[in-house]
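S.K.:
Residue numbers (the numbering used here): 405 to 574.
1. In chain order, what residues of the same chain lie with their CB nearer than 7 Å to the CB of residue 536, ignoring the 5 residues before and after it?
2. Hey, could you find the ends of the alpha helix (DSSP H) residue 498 is sitting in?
3. Using the Cα positions of residue 547 and residue 561, report the straight-line distance between them to the nearest angstrom.
4. Would you mind working out which of 426, 516, 465 and 493 sits nearest residue 541, comparing C-alpha positions?
5. Mapping the DSSP letters down to three states, classify residue 561 as helix, strand or coil.
Listed below in structure tokens is the structure:
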């Protein structure tokens, strides 16, 4: 399966039809890819309401990503419990933060993890940035694409099994 391609004529027609019908989509990225990455992990297998609640609780208890990284896993799990699967998601989040910390330290960086990830992603093309995110253990193709599209405003489209199934059936 090709991940990055030039849009086909058919895709361009579909895109124009969607724009004509629904208008230009409004994306208001906050350019916080680390917040988006954690938020996307929290959104897995739950509702938007529950994942947003879990994210807000996490940030209220741990205002920085460094505090989340350094907190005991059970405290992080308790903070995100309302989002479901807390005992699975808490270690994933912490592992992601530890991986980014290792990468940051290998470059001698001293900025926040949020700034580090933002700076890293802006160095790359969308495809390279996608591969960079995918190299973080536990970050799948859809999560990487969501972060790039919603948080970095890059021209990337997340594809899930439903979208892929529709694409394959034509």
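Note that CB positions come from ideal geometry on N, CA and C, so glycine has one too.
M.R.: Taking the definition as stated:
1. Against the chain shown, residue 536 aligns to sequence position 132. Cβ within range, chain order: 524, 525 and 528.
2. Taking the first residue of the chain shown as position 1, residue 498 is located at position 94. DSSP places residue 498 inside the alpha helix (DSSP H), whose first and last residues are 490–510.
3. Numbered from 1 along the chain shown, position 143 holds the residue referred to as residue 547. Numbered from 1 along the chain shown, position 157 holds the residue referred to as residue 561. Near 11 Å, if we compare the C-alpha coordinates of residue 561 and residue 547.
4. Translated into the one-based positions of the chain shown, residue 541 becomes position 137. Nearest C-alpha to residue 541: 493.
5. For the purposes of this step, residue 561 is taken as the residue at position 157 of the chain shown. Of the three classes helix, strand and coil, the one that applies to residue 561 here is coil, per DSSP.
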